[in-house]
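Down below is the structure, laid out as structure tokens.
Numbering (this note's numbering), first residue to last: 952 to 1097.
Here it is in structure tokens:
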């Protein structure tokens, strides 16, 4: 193991090590932070350039934290979503973070405009797929044969 917490380790040991590692993470962040399992989100309202610099400072602190604990972030999974503003802000960790318009989190699609149309479209598509499967597989059944 080069660094971090061993993947697929003995039940109880790996998750406990991970919790011990990330327990101090909120102490490094000045803006808002939410953590759930191995997922962390930080955010702040960007009204001025100073607000954007504060968020970038938090990202720099996260990078330093990961270097110190030898737990590198997967940069492909680190993303930025701008909600409600169009300021040209770029954020960096080891490289520039990818800007996205939609993210699926705990089964819910969140878009940068906070509209629910995409979530409804996906849910309706799944429902149509299930109805189609039921129709294909139960075409010959009638009420009296059940």
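From the three backbone atoms N, C-alpha and C, an ideal C-beta is built for every residue, glycine too.
In the DSSP secondary-structure assignment, residue 1056 is bridged to 1059.
Burial state of residue 971 is exposed, judged by a 10 Å Cβ sphere holding fewer than 16 other Cβ atoms. Residue 1063 and residue 993 have their C-alpha atoms spaced approximately 15 Å apart. The beta carbons of residue 1054 and residue 1032 sit about 6 Å from each other, so the pair counts as a contact at 8 Å. By the Cβ criterion, the region 1033 to 1052 is not in contact with the region 972 to 981, since fewer than three pairs of Cβ atoms, one from each stretch, lie closer than 8 Å. Taking 7 Å as the cut-off, the beta carbon of residue 1009 is found closer than this to the beta carbon of residue 982.
Residue pairing for residue 1030: DSSP places it in a beta bridge opposite 1049.
The residues 1044, 1045, 1046, in chain order, have a CB closer than 7 Å to that of residue 1026 in the same chain once the five nearest residues on each side in sequence are set aside.
Our two residues, residue 1052 and residue 977, have alpha carbons roughly 26 Å apart in a direct line.
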